[in-house]
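Residue numbers (my numbering), protein chains in the order written: chain A, 1 to 263; chain B, 1 to 329. Okay, so here's the structure we're looking at.
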Amino acid sequence: MTTILSAEHLAYAAGHTPILEDVALDVARGQRLAIIGPNGAGKSTLLRLLAGLARPSGGAVQLEGCDIRRIGRQALARRLAVLPQGVEAPADTTVRRLVGYGRFPYRSHLRAEDPVKDREAVDWAMQVTHVEALQDRQVQSLSGGERQRAFLAMVLAQQPEVLLLDEPTTYLDMAHQLEVMQIITAVNRQYGVTIVMVLHDINHALQYADAVAVLQGRRIARQGRPEDVISAKLLADVFGVEADAFTDREGRTVYLPAALTRR
Amino acid sequence: MMRGASSGRLAAVFLIFLVLAASGVLVSLMMGSVAIAPQEAAAILMGADGSTHAQILWNIRLPRTLVAALVGIDLALSGAILQAIMKNPLADPHIIGISSGAGLMGILVLLLFPEHSALITPAAFVGAMGAAVLIYLLAWKNGIQPIRIILAGVAVSAFLGSGISALMILYSDRVHNALMWMVGGLSARSWPHVAMLWPYTLVGFALAVLAARHLNVLQLGDAMARSLGMRVELTRLLLTAVAAILAASAVSVVGLLGFVGLIVPHMARLLVGSDHRILLPASALLGAAVLLYSDTFARVAFAPVELPVGIIMAALGAPFFLFLLRRQL
């Protein structure tokens, strides 16, 4: 397995308050990596650092061995895409126009480099995320799930090698959560896009990730296969919950939090 | 990528805007202390005779009409750009103090180097840009927040405005028609003013339309724009410069005319939507139309007294500002 995205000694401070310290992370090409951890552990900050949206106070993020700060913004946007939480677009933006913004990195000197390729990429992204039928609808008329898929299509239109997602299923009902996770899996399996996602649902990490990194106490406490890393003991140590273990239909162990441990 | 019914509707709206602007030109040419019939106006424009009407049309009405249209375009575009890059529905070159910066520097050149009138607009641009940077610096705190921009702008505007007032009073012998200039008016604007305006309007319009996609992507927020490969700070700085060029050229010719840049982009947005590739040209047309009609009204309504058009714009604009304030913040 070759490493595509990595961080070493990564640190970030907000003013004088350290948020992350000496973070080491290794993402293999073609992998789905889930970042989990309690609220306030710095998951979103880590994702922003990995995307080059925040400047680390120490260490570096490397894309195939090259410091991302040395890759130009536009060149980086063609290889690495990120969907932050709570992105909004003007209410009257149509889905097709929104997805078209994903082609912004492929414009140079104020013009499109290859309009045909742009259209193909937009069509592909809408097809993968099942929003083709919605392409003329305005974002204000979409449900939460449809909206999330439209934004997912926008970042997929970037045709990235690595896709970073910040809690992609937040605020969605169970069916839409499942749909989004299936789309992410399809993008990964069929098109080889490496996925790094912050997840708040431990069971999603068990079901949909190839690797999981646990962020705790400003650093990555553990990284490994989900079934090796996630255990009742980890949930007690990291999240402070006592969880009951169940076996799902595919034989995986999943967890239901039952009680708070004494803190 | 417009399609189907919506592109038909857009074409219709554009046609209406075009008709509004064209009829605004016509009305502005015809109406005034001397009424000139449309056929006569057309005849004069085709081949000028030496009549009094021809004199009025060529030397007074036509240049003033062109100045009104150009200033309307400039201020509308400047407001549309500022609203987009400051993520602020209330941004307008006048409200946030960019016009005051332009005015202060323009007046300074006017007073100190009255023989170099070509320097007025460049100086006004420097003032406008300075004011804009000052507003950013004052309002910046973990990113841009709409309400802080407005408050910083009000402060900057008051500060620079006091400088303008002081200059006007200290040099009242040298500043003609100061009151007209303070509220913004088109009185006695003529061909030299057209010549001062049109190159800036042309360049500003071209740059604005070229940057329309950037403005669109900026609406997704700084983080998303950055992750789509935009150099956000640089883009915002360059677009601020374009807005400052447009505002400065308008201020240099008509003074501190407010609210055009606030009202027009909102009206246009309601009718054509938020895609800047369409919104900017629509705002330009509508800006020309609004100022042409307002100025004609200001000239004719209280004849023989002529009101500065700035009074009309403020009377329309201030309630509109309050309406936006209640709805959006």
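By construction, the Cβ of each residue, glycine as well, lies at the ideal position given by its N, Cα and C atoms.
If we count the other Cβ atoms within 10 Å of its Cβ and call it buried at 16 or more, is residue i buried or exposed?
i, result
"A:Lys43", "buried"
"A:His109", "exposed"
"A:Gln31", "buried"
"B:Ser78", "buried"
"B:Ala5", "Interpretation of B:Ala5 is limited by its pLDDT of 49, a score under 50 that renders its predicted location unreliable; the figure taken from the coordinates is listed afterwards. By the 10 Å Cβ count, B:Ala5 comes out exposed."
"B:Leu112", "exposed"
"A:Tyr273", "Any answer about residue 273 of chain A is impossible in this case: the structure gives chain A only from 1 up to 263."
"B:Val305", "exposed"
"B:Pro93", "buried"
"B:Ser100", "buried"
"B:Gln39", "exposed"
"A:Asp248", "exposed"
"B:Ser157", "buried"
"B:Arg3", "Residue placement at B:Arg3 cannot be trusted, given a pLDDT of 44 that sits under 50; the coordinates are not used to answer."
"A:Tyr171", "exposed"
"B:Arg326", "exposed"
"A:Val128", "buried"
"A:Gln190", "exposed"
Could you spell out the range, first to last residue, of the beta strand (DSSP E) harbouring residue i?
i, result
"B:His53", "Run containing B:His53: none in the beta strand (DSSP E); it sits in the alpha helix (DSSP H), 52-55."
"A:Met197", "194-198"
"A:Phe246", "241-247"
"A:Thr253", "253-260"
"A:Arg222", "219-224"
"A:Leu110", "Where A:Leu110 is concerned, there is no enclosing beta strand (DSSP E), given that its DSSP letter is neither H nor E."
"B:Gln219", "Run containing B:Gln219: none; DSSP gives neither H nor E here."
"A:Leu215", "211-216"
CB-CB under 8 Å to residue i, same chain, minus the five flanking residues each way: which ones, in chain order?
i, result
"B:Val300", "Met31, Gly32"
"A:Phe246", "Thr253, Val254, Tyr255, Leu256"
"B:Leu228", "Val217, Leu220"
"B:Pro145", "Note that residue 145 of chain B is Gln in the sequence shown here, rather than Pro. The answer, listed in chain order, is Ala139."
"B:His53", "Val34, Ile36, Glu40, Ile44"
"A:Arg107", "Glu113"
"A:Gln140", "Ala91, Asp92"
Whose C-beta lies closer than 6 Å to the C-beta of residue i among residues of the same chain, with five residues either side of it excluded?
i, result
"B:Ser190", "Pro63"
"B:Gly103", "Ile164, Val251, Leu256"
"B:Ser28", "Thr65, Leu292, Thr296"
"A:Ala305", "Residue 305 of chain A is absent from the model: chain A starts at 1 and stops at 263."
"B:Thr74", "The sequence given here has Asp at residue 74 of chain B, not Thr. Cβ within range, chain order: Thr201, Leu246, Ser249, Ala250."
Could you name the residues of the same chain whose beta carbon sits closer than 7 Å to that of residue i, not counting the 5 residues immediately before and after it, in chain order?
i, result
"A:Glu8", "Ala24, Gly59, Ala60"
"B:Gly317", "Gly258, Phe259, Leu262, Ile263"
"B:Gln83", "Pro89, Ala91, Pro265"
"B:Ala208", "Leu77, Ile81, Val242, Leu280"
"B:Leu119", "Val109, Phe113"
Identify the continuous alpha helix (DSSP H) that holds residue i and give its terminal residues.
i, result
"A:Arg97", "95-100"
"B:Thr355", "This structure cannot settle anything about residue 355 of chain B, because the visible part of chain B is limited to 1 through 329."
"B:Phe302", "Taken as a continuous stretch (DSSP letters only), B:Phe302 belongs to no alpha helix (DSSP H), as it is neither H nor E."
"B:Leu26", "4-30"
"B:Leu271", "260-272"
"A:Glu146", "144-156"
"A:Gln207", "202-208"
"B:Val209", "191-210"
"B:Val235", "Going by the sequence as given, residue 235 of chain B is Thr instead of Val. Its alpha helix (DSSP H) spans residues 232-254."
Can we count residue i as close to the ligand COA, meaning its CB is less than 7 Å from some heavy atom?
i, result
"B:Met168", "As far as ligands go, the structure on display features none, and thus does not contain the ligand COA."
Which chain D residues are close to residue i, counting only those with a beta carbon under 9 Å from its beta carbon?
i, result
"B:Ala131", "The structure shown has no chain D; the protein chains it does contain are A and B."
Residues within the region 68-91 of chain A neighbouring chain B, beta-carbon criterion of under 9 Å:
Those would be Gly72, Arg73, Gln74, Ala75, Leu76, Ala77, Arg78, Leu80, Ala81, Val82, Leu83, Pro84, Gly86, Val87, Glu88, Ala89, Pro90, Ala91, in chain order.
Listed in chain order, which residues of the region 301-316 of chain B have Cβ atoms closer than 8 Å to some Cβ of chain A?
Residues of the region 301-316 of chain B with a C-beta atom less than 8 Å from some C-beta of chain A do not occur.
Chain A contacts from the region 57-78 of chain B (Cβ-Cβ distance under 9 Å)
When CB distances to chain A are screened at a threshold of 9 Å, not a single residue of the region 57-78 of chain B falls below it.
What residue ranges within the region 158-198 of chain A form continuous beta strand (DSSP E) runs of no fewer than 3 residues, ordered along the chain?
Entirely contained in the region 158-198 of chain A, the beta strand (DSSP E) runs reaching 3 residues are, in chain order, 162-166, 194-198.
With 9 Å as the C-beta to C-beta threshold (strictly closer), list the residues of the region 249-278 of chain B near chain A in chain order.
Listed in sequence order: Arg269, Gly273, Ser274, Asp275.
Which runs of the alpha helix (DSSP H) at least 4 residues long sit entirely within the region 10-81 of chain A? Give them in chain order.
List check, alpha helix (DSSP H) in window: 43-50, 73-79.
Got a sec: which bits of the region 226-246 of chain B sit with their beta carbon under 8 Å from any beta carbon on chain A, in order along the chain?
Result list: Arg226, Ser227, Leu228, Gly229, Met230, Arg231.
When you check each C-beta in the region 12-24 of chain B against every C-beta of chain A, which residues fall closer than 9 Å?
Of all residues in the region 12-24 of chain B, none has a Cβ within less than 9 Å of some Cβ in chain A.
If the cut-off is 7 Å on Cβ atoms, which residues from the region 42-66 of chain A count as contacting chain B, listed in chain order?
Per Cβ criterion, the list reads Ala51, Leu53.
The region 79-112 of chain B: which residues have C-beta closer than 8 Å to a C-beta of chain A, in chain order?
Cβ contacts with chain A come from no residue of the region 79-112 of chain B.
Contact residues within the region 180-206 of chain B, judged by C-beta distance below 9 Å to chain A
For the region 180-206 of chain B, the set of positions with a beta-carbon nearer than 9 Å to some beta-carbon of chain A is empty.
Against chain B: residues of the region 183-194 of chain A by CB proximity under 9 Å:
Within the region 183-194 of chain A, no residue has a Cβ lying closer than 9 Å to any Cβ of chain B.
Give the residues from the region 282-297 of chain B that approach chain A closer than 8 Å (Cβ to any Cβ), ordered along the chain.
Along the region 282-297 of chain B, there is no position whose C-beta sits under 8 Å from a C-beta of chain A.
Taking a cut of 8 Å between CB atoms, which residues from the region 100-134 of chain A lie near chain B?
Answer set for the region 100-134 of chain A: Gly100, Tyr101, Gly102, Phe104, Pro105, Arg107, Leu110.
Every unbroken alpha helix (DSSP H) within the region 46-104 of chain B, with a cutoff of 4 residues, ordered by chain:
As far as the region 46-104 of chain B is concerned, its whole alpha helix (DSSP H) runs of at least 4 residues are 52-55, 62-85.
Using Cβ-Cβ distances below 7 Å, what residues of the region 141-169 of chain B are close to chain A?
Listed by position, the residues of the region 141-169 of chain B near chain A (Cβ gap below 7 Å) amount to none.
Positions along the region 205-220 of chain B whose CB lies within less than 9 Å of some CB in chain A
So the close ones are Leu210, Ala211, Arg213, His214, Asn216, Val217, Gln219, Leu220.
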